[in-house]
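Input: a single structure, listed below in structure tokens.
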């Protein structure tokens with residue numbers, strides 16, 4: 001508990017802060033010429049004075065006082081440079097509401113000071129409810145100031161300036177006064193007070209402007225194009241170069257037509273021509289001095305499908321050809337004149353996004369969790385700003401903000417600023433170019449938004465077979481900055497994705513049609529012995545999208561056999577072509593035991609763990625599968641599972657256990673299986689006997705397996721010859737080993753089974769390494785690398801083997817680098833057995849390094865070893 005002196009120091013600090021705030025408010029009141037605003041400042045100052053002078057429970061009103069100060073500061077910034085008769089009715093109404101709210105707060109505060117702390121007339125619960133209501137009122141008023149006032153004031157700068165100039169006397173006084181009010185031109189709005197991470201881009205644009213090069217800043221809504229343009233206009237070098245000839249035109253503030261654009265251009269530059277029909281009346285004025293003209297939000301006038309789009313484009317193009325004018329355009333669409341140097345505006349860097357966020361948000365220190373949230377927003381400037389503003393206005397601490405994000409994701413932005421975020425996206429959706437794309441465009445955007453990777457351009461035709469001109473539609477979505485290309489994928493920024501993603505998956509006809517196409521494609525048989533095997537490699541580039549689709553629809557329909565069969569097929573695709581773990585695992589394990597798809601899902605999930613080297617998890621899953629099969633009384637499935645389980649035990653070094661299991665499987669297959677099933681059991685038995693050093697028995701088993709294979713089962717024939725090669729290697733029969741490896745390699749190469757080719761080259765590298773034929777070993781490990789899949793376990797094996805080769809070639813530093821790399825991979829995969837193997841390599845390298853260091857030390861001391 002705080003001591004009396006500590007509480008006193010806290011009150012003194014609080015009163016000092018209040019004194020400073022009161023002084024700021026009084027200064028604002030003195031400088032303000034708008035009577036309603038002066039009354040608001042006066043009420044705020046009086047309220048803070050009451051809090052400062054109160055001796056009881058002033059802490060209850062501290063947050064309320066800070067909210068009051070925030071609103072008044074926003075009001076002061078919004079009214080800066082405005083004339084009293086030009087303030088909009090909506091702002092005047094907000095100021096009136098602010099004054100009324102502050103008066104009510106002060107009245108209650110004064111009354112509270114007159115009552116006892118435990119007064120029944122205003123108990124603690126009532127006080128808390130009242131304070132919460134006032135905070136909500138202040139937050140609403142602050143919202144109005146932030147979203148309305150500054151924009152309205154900026155768009156009225158031209159009118160304010162004209163009324164500030166003295167009217168000139170002439171024979172046509174009305175015309176001459178109008179002419180005088182515009183001749184000087186308009187002053188651009190101020191640059192943002194806080195602006196991070198754009199220094200290099202601004203420097204580049206400033207340099208181009210100094211060289212009078214036409215510029216087009218292109219990017220999605222909310223990406224920061226306008227802020228960059230205003231910062232450039234306010235740059236010291238630009239002010240020095242162009243002086244008062246810096247013009248800023250908001251193209252979304254007038255109806256898009258050629259005449260309106262020319263009239264607005266004349267006003268902005270101060271040409272004094274009332275209704276020019278083309279650039280001819282303005283040409284002499286435009287040519288008279290160097291000038292920087294910014295056309296902001298130019299998509300409003302440059303949309304090829306918009307009103308007078310072609311005519312306005314011609315005017316803008318000609319405007320950019322004046323040798324004394326630097327034309328700068330900010331636009332969401334890329335259809336700008338060809339003379340303009342296009343600069344794509346990216347999202348913020350991580351550090352700039354953090355600085356932007358914490359420049360607004362003051363209710364918590366820097367947090368890694370908040371930084372993660374900013375990353376999930378793709379560091380989109382508007383979204384970062386809105387998130388910070390919402391959190392600041394609601395006075396959330398880091399924990400509350402993180403909780404709101406976990407619960408609602410980017411929906412948290414809708415609390416206060418949904419209109420702002422929605423408006424910037426809806427503006428593009430309302431554009432003539434987008435509307436001209438037809439009724440499918442919105443659904444296609446939903447597809448792009450749904451998939452984490454977006455949509456692969458190579459798949460447009462089979463994903464959207466009934467939509468004509470599908471390539472053109474996606475081209476236009478990119479032109480509109482609603483999407484962008486990342487490699488071969490068309491994707492979009494996270495805030496747009498969240499807004500455009502279908503809210504009800506089952507009601508999205510486009511998404512459901514896409515889902516059905518993916519499920520059909522997953523259902524195709526994967527058989528390495530068929531020419532169509534390579535067609536299933538499509539999963540390599542689309543695995544993330546398919547996984548997300550299945551994860552979403554298993555949530556929507558948790559018991560669907562169709563969806564869960566697709567999950568098993570997906571894991572089968574991963575096993576063959578992209579060996580990695582899947583987020584579907586926990587859902588597979590939670591499936592009811594009587595679900596018809598669970599055995600297949602468990603089987604292929606175990607296969608994934610096998611190829612990743614996590615044999616303990618593989619065995620655990622297979623034991624669960626075996627229990628299901630025995631319960632169902634399906635002998636054939638029991639035998640298949642026993643064979644898989646025996647192989648897992650082989651990899652775990654539990655050879656006797658594995659031999660018993662595969663022999664049981666073989667006995668069952670002799671009763672219920674065919675030649676293929678028996679051959680698979682014999683193949684597994686041979687591997688176990690090989691590991692158990694029963695080489696003759698292993699040779700007999702694999703030879704029997706080869707005799708069972710049919711001619712068209714080339715994949716299995718290749719695998720059996722590979723196993724026979726390993727047996728002869730163990731026997732020391734080098735030539736027979738090489739012969740069988742080459743048979744296996746020939747078959748695999750003919751069918752282009754890259755994973756098999758990799759494994760056989762790896763085995764041959766091991767053979768030649770054990771024979772101390774290091775050059776041949778290096779040759780085969782190099783070939784193995786060429787056929788290696790994008791698979792961490794395979795990479796670990798290659799690095800380990802490369803480490804052994806370099807160790808034998810005395811390249812110890814290179815060997816250690818490879819060994820440590822392999823160790824890191826095995827640790828991530830949880831491959832305990834391989835960790836033990838690579839540990840032996842690291843130990844050998846360290847011992848040799850230590851021996852050499854000792855020898856060098858001995859030589860330098862003059863006592864060489866004998």
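Residue numbers (full-length UniProt numbering): 1 to 866.
Virtual Cβ for every residue (Gly too), placed ideally from N, Cα, C.
None of these values were measured; they are calculated from a predicted model.
| By a C-beta neighbour count over all protein chains shown, 10 Å radius and 16 as the cutoff for buried, is residue 350 buried or exposed? | Under the 10 Å beta carbon count, residue 350 is surrounded by fewer than 16 other beta carbons and is classified as exposed.
| task | Provide the residue(s) that pair with residue 456 in DSSP beta bridges, ordered along the chain. | result | Under the DSSP definition of a beta bridge, residue 456 partners with 489.
| message | For residue 159 and residue 505, I'd like the C-alpha separation in whole angstroms. | response | Since pLDDT at residue 159 reaches only 40, below the 50 mark, its modelled position is unreliable, and no value is offered.
| query | DSSP state of residue 718, grouped into three classes? | reply | Reduced to three states, the DSSP call for residue 718 is helix.
| Chain-order list of residues whose beta-carbon lies under 6 Å from that of residue 286 (same chain, five-residue window excluded) | Cβ within range, chain order: 322.
| task | Could you name the residues of the same chain whose beta carbon sits closer than 8 Å to that of residue 430, not counting the 5 residues immediately before and after it, in chain order? | result | When the five nearest sequence neighbours on each side are left out, no beta carbon in the same chain lies closer than 8 Å to the beta carbon of residue 430.
| field | Proximal residues to residue 289 (C-beta, below 8 Å), its chain only, five neighbours per side dropped | value | Cβ neighbours of residue 289 beyond the five flanking positions: 245 and 324.
| Going by the beta-carbon positions, is the gap between residue 95 and residue 40 smaller than 7 Å? | Contact annotation: residue 95 and residue 40 have beta-carbon atoms nearer than 7 Å.
| request: Note down the Cα distance separating residue 198 from residue 228, rounded to an integer number of angstroms. | output: Looking at the two C-alpha atoms, the distance is approximately 7 Å.
| said: Contact defined as beta carbons within less than 8 Å: I believe residue 360 pairs with residue 385. What is the distance between those atoms, to the nearest angstrom? | reply: With 8 Å as the limit, residue 360 and residue 385 qualify as a contact, their Cβ atoms being about 7 Å apart.
| task | Using three-state DSSP, classify residue 484 as helix, strand or coil. | result | Look at residue 484 here: in three-state DSSP terms it is strand.
| said: When you compare the segment 265-283 with the segment 326-337, are there three or more beta-carbon pairs, one atom per stretch, that lie closer than 8 Å? | reply: No: fewer than three Cβ pairs fall under 8 Å.
| said: Let's test the definition: count the other Cβ atoms within 10 Å of the Cβ of residue 267 and tell me whether it reaches 16, buried, or not, exposed. | reply: Result: buried.
| query | So is residue 7 buried or exposed if we call it buried at 16+ other beta carbons inside 10 Å? | reply | With a pLDDT of 44 at residue 7, under the threshold of 50, the predicted position of this residue should be treated as unreliable, and no value is reported.
| field | Assigned exposure category for residue 716 - 16 Cβ within 10 Å defines buried | value | By the 16-neighbour rule on beta-carbons within 10 angstroms, residue 716 is buried.
| query | Considering only residues of the same chain and omitting the five flanking positions on each side of residue 544, which have a CB-CB separation below 6 Å? | reply | Within the same chain, residue 544 has close Cβ partners 452 and 453.
| field | Neighbour-count burial assignment, residue 448, 16 or more Cβ in a 10 Å radius | value | Residue 448 should be labelled buried.
| Should residue 312 go down as buried or exposed, given a rule of 16 or more other Cβ atoms within 10 Å for buried? | With 16 or more other Cβ atoms within 10 Å, it is buried.
| field | Distance, residue 812 Cα to residue 849 Cα | value | So the two alpha carbons sit approximately 7 Å from each other.
| said: Does residue 580 come out as helix, strand or coil in the three-state DSSP assignment? | reply: DSSP places residue 580 outside both helix and strand once states are collapsed to three, so it counts as coil.
| request: Express the C-alpha separation of residue 436 and residue 310 in angstroms, rounding to a whole number. | output: Using only the alpha carbons, I get a separation of about 16 Å.
| Expected contact under 8 Å - CB spacing of residue 524 and residue 547 to nearest Å | Your pair residue 524 and residue 547 does not check out as a contact, with CB atoms roughly 18 Å apart and the cut at 8 Å.
| message | Using the Cβ count rule (16 or more neighbours within 10 Å means buried), how would you classify residue 860? | response | Burial check for residue 860: the Cβ neighbour count within 10 Å stays below 16, so the residue is exposed.
| task | Output the residue ranges of the beta strand (DSSP E) runs that lie fully inside the segment 766-807 and measure 3 residues or longer, sorted by chain position. | result | The segment 766-807 contains no whole beta strand (DSSP E) run of 3 or more residues.
| request: Kindly identify the DSSP beta-bridge partner or partners of residue 341. | output: Residue 341 is bridged by DSSP to 215.
| Between residue 767 and residue 729, which are expected to be in contact by the criterion C-beta below 8 Å, what is the C-beta distance as a whole number of angstroms? | 5 Å between Cβ atoms; contact.
| Does DSSP put residue 194 in a helix, in a strand, or in coil? | Coil at residue 194, not helix or strand.
| request: Compute the Euclidean distance between the alpha carbons of residue 791 and residue 834, then round it to the nearest angstrom. | output: Their backbone Cα atoms lie some 15 Å apart in a straight line.
| query | Can you give the Cα-Cα distance for residue 583 and residue 368, rounded to whole angstroms? | reply | Going from the Cα of residue 583 to the Cα of residue 368 covers about 24 Å.
| query | Shortest alpha-carbon distance to residue 905 belongs to which of 695, 529, 46 and 540? | reply | Since the first and last residues shown for the chain are 1 and 866, residue 905 lies out of range.
| message | Beta-carbon within less than 8 Å of residue 247's beta-carbon, same chain only, minus the 5 sequence neighbours each way: which residues are those? | response | 185, 186, 188, 268, 269, 291, 292, 293 and 294, listed in sequence order.
| said: Rounded to the nearest angstrom, what separates residue 691 and residue 651 at their Cα positions? | reply: Rounded to the nearest angstrom, the two C-alpha atoms are 9 Å apart.
| Taking only runs of the alpha helix (DSSP H) that begin and end inside the segment 232-290, which ones reach a length of at least 4 residues, in chain order? | Within the segment 232-290, the complete alpha helix (DSSP H) runs of at least 4 residues are 236-242, 258-269 and 280-288.
| query | By Cβ distance below 7 Å, which residues in the same chain neighbour residue 644 in space, the five residues on each side in sequence not counted? | reply | 606 and 622.
| query | Tell me, which residues are paired with residue 330 by DSSP? | reply | In the DSSP assignment, residue 330 is bridged to 217.
| query | Does the separation of the CB atoms of residue 829 and residue 793 fall below 7 Å? | reply | Yes. Within cutoff.
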